[in-house]
Amino acid sequence: KAGVTQTPRYLIKTRGQQVTLSCSPISGHRSVSWYQQTPGQGLQFLFEYFSETQRNKGNFPGRFSGRQFSNSRSEMNVSTLELGDSALYLCASSFLEGGNTIYFGEGSWLTVV
Amino acid sequence: GENVEQHPSTLSVQEGDSAVIKCTYSDSASNYFPWYKQELGKGPQLIIDIRSNVGEKKDQRIAVTLNKTAKHFSLHITETQPEDSAVYFCAASPPYNNAGNMLTFGGGTRLMVKP
Chain D
1 KAGVTQTPRY LIKTRGQQVT LSCSPISGHR SVSWYQQTPG QGLQFLFEYF
51 SETQRNKGNF PGRFSGRQFS NSRSEMNVST LELGDSALYL CASSFLEGGN
101 TIYFGEGSWL TVV
Chain V
114 GENVEQHPST LSVQEGDSAV IKCTYSDSAS NYFPWYKQEL GKGPQLIIDI
164 RSNVGEKKDQ RIAVTLNKTA KHFSLHITET QPEDSAVYFC AASPPYNNAG
214 NMLTFGGGTR LMVKP
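Those protein sequence lines, which keep their order, are chains D and V. Per the numbering used here, the very first residue in the first sequence carries number 1; after that it's consecutive. Per the numbering used here, the very first residue in the second sequence carries number 114; after that it's consecutive.
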């Protein structure tokens, strides 16, 4: 069974640009969540989607957004990139809602220059 | 919101020794506590988890204990091996209605196992 797949794995963007990251959850998993990992702030929750609806959102500015498609695949978008947005963005999926086992992908490394 | 603290931030042990990593959480309503191992350049890998209706769980060389009264949980790795070297994260999940899968992570522990 394939794990959580994230694309692209590495990307470099310029300040002010926008970026879209993609995530395919484990087959059959309907919940997809996103996390940001930085050396300074650690692992922080961005948002979570279930059945195409955003259920939770972390404490991030509105420049960070996401969506989920009917096949459970998800994308997150960051607009007007800032240097501080450089991070590893991790997607995670789980089978059902509410406290079930969560599996992470390998992440997308974003560098903003 | 939930706050998870993890100690120590770095831990160096000799191969074959045991390693213990401790976490405390603030929200007494949290009911799910996973542990992840993250190797360099990779995403976090779930190694063991425990729910609040269980006090201890073991999987081969790895065990987790939970003390709900004191609001702390610990990861125990016995007979450590060099391949156990990685960063370990604890996390807690709140059980609020419709909370979904929102994990609050500890700051991580860099475990180094010396051959």
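The C-beta atom is built at its ideal place from N, Cα and C for all residues, glycine as well. None of the values given here were measured: they were computed from a predicted structure.
Item, Value
"I believe T222/V touches T137/V by the beta-carbon criterion, under 8 angstroms. Please report the beta-carbon distance rounded to the nearest angstrom.", "Not quite, the Cβ-Cβ distance comes to about 13 angstroms (not below 8 angstroms), so this is no contact."
"Is G28/D close to chain V, meaning its C-beta is less than 8 angstroms from at least one C-beta of that chain?", "no"
"Nearest to Q119/V by CA position, among K184/V, I175/V, A142/V, is which residue?", "K184/V"
"Roughly how many angstroms separate the alpha carbons of A92/D and Q127/V, rounded to a whole number?", "33 angstroms"
"Quick check on the DSSP output: the beta strand (DSSP E) that includes F202/V runs from which residue to which?", "199-205"
"Among all the DSSP beta bridges, which residues are the ones paired with L21/D?", "M76/D"
"For G156/V, decide whether its Cβ has a neighbour in chain D, counting only Cβ atoms nearer than 8 angstroms.", "yes"
"Could you check how far apart the C-beta atoms of Q36/D and A87/D are, in whole angstroms? I think they sit under 8 angstroms.", "5 angstroms"
"List the endpoints of the continuous beta strand (DSSP E) containing V32/D.", "31-38"
"Can you give me the Cβ contacts of N116/V inside the same chain, cut-off strictly under 6 angstroms, excluding the 5 residues immediately before and after it?", "S139"
"Excluding the five sequence neighbours on either side, which residues of its own chain have a C-beta within less than 8 angstroms of the C-beta of G107/D, listed in chain order?", "Q6, R9, Q37, L88, Y89, L90, C91"
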